[in-house]
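Below: one structure, written as structure tokens.
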Amino acid sequence: MSLVELIAQADERGLVASGLACLDRCVPLLGGDDEVLRPLWANLADGAETGEWGALLDKTRAQLGVADVMDAEYLEDEAALLVRRMLAAAPGVRSAAEARVWADGCSVASLQIHRLLDPAEDGADSVDSRRAGRTEGMSPLVAAELRRQITVLELLAEHGSGGLRRALEVSTEGRRVLRAVVSRRARQV
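Going letter by letter, the sequence shown gives residues 312 to 500 in the numbering used here.
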């Protein structure tokens, strides 16, 4: 099943986890530490108070300095700006309709970020064809991100809240990879 199809079929928790996982993997571009999104992940567990999501999101935005996304445009490269916009676009209330739009946007943004940072050429004109399942000529960093996005959605679809721990592990692996890419890129400048 393509990534687009998985997003279309996901429930509210799967959609929020998908968007959060994309954001989590890209946090190194904002200088965020490995724990900055942990309270949001915890809010997806069974028994968590979904009404706290908005307050946790506001706290995370403040920690990562996302309050004035548009003012930061001239300060950052395109990849970091895409991460800021992902966090700024996160819905303040967890609902399936809003989460679907956010998860879809985060998917596109995260793949684009990986495409921007991958030194190898990606053969597609846009990431949309990748999300639809056309993977020929895909660059390695984009291919790995696409696999991670699919895995997170499949884990949540199959295991519900029981898949959260594994989804977080997949995201952590991706964050380490992106952090290494960012570090290598900084050394080359």
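Positions of the beta carbon are idealized from the N, C-alpha and C atoms, including for glycine.
Where residue i falls: helix, strand or coil (DSSP)
| i | result |
| --- | --- |
| Arg324 | helix |
| Gly358 | coil |
| Leu367 | helix |
| Met312 | coil |
| Ala400 | helix |
| Gly376 | coil |
| Glu346 | coil |
| Ser329 | helix |
| Arg335 | The sequence given here has Asp at residue 335, not Arg. Reduced to three states, the DSSP call for Asp335 is helix. |
| Tyr385 | Residue placement at Tyr385 cannot be trusted, given a pLDDT of 49 that sits under 50; what the coordinates show is reported in the next sentence. Reduced to three states, the DSSP call for Tyr385 is coil. |
| Arg395 | helix |
| Leu405 | One point to set straight first is that residue 405 is Arg, not Leu, in the sequence displayed. Arg405: coil per DSSP, three-state reduction. |
| Leu317 | helix |
| Leu351 | helix |
Member of the options whose CA lies at the smallest distance from the CA of residue i
| i | options | result |
| --- | --- | --- |
| Arg441 | Leu422, Glu432, Gly416 and Arg459 | Leu422 |
| Arg458 | Cys333, Gly342, Arg372 and Trp352 | Cys333 |
| Thr371 | Ala359, Glu360, His470 and Arg395 | Arg395 |
| Glu316 | Leu475, Gly444, Ala366 and Gly362 | Gly444 |
| Leu367 | Thr462, Val347 and Leu341 | Val347 |
| Leu398 | Val481, Leu340, Thr483 and Ile318 | Leu340 |
| Asp369 | Pro402, Gln499 and Leu392 | Pro402 |
| Ala407 | Thr361, Met312 and Ala491 | Thr361 |
| Ala319 | Leu392, Asp415 and Leu351 | Asp415 |
| Ala431 | Ala454, Leu314 and Glu363 | Ala454 |
| Gly485 | Gln499, Leu452, Ala373 and Met312 | Leu452 |
| Ser482 | Gly471, Ala491, Thr462 and Arg496 | Thr462 |
| Leu392 | Val492, Gly376 and Glu363 | Gly376 |
| Arg547 | Arg495, Ala478 and Val488 | Within the shown structure, residues of the chain are numbered from 312 to 500, placing residue 547 beyond reach of any answer. |
| Gly343 | Ala373, Ala353 and Leu355 | Ala373 |
| Cys337 | Arg498, Leu475, Met449 and Ala390 | Ala390 |
| His470 | Asp357, Met312 and Ser494 | Asp357 |
Exercise. Quick one: any contact between the segment 318-325 and the segment 455-471, if contact means 3 or more CB pairs under 8 Å?
Worked result: yes
For this session: Take every Cβ of the segment 435-455, pair it with every Cβ of the segment 407-424, and state whether three or more of those distances are shorter than 8 Å.
Result: yes
For this session: Output the residue ranges of the alpha helix (DSSP H) runs that lie fully inside the segment 411-496 and measure 4 residues or longer, sorted by chain position.
Result: 439-442 and 451-470
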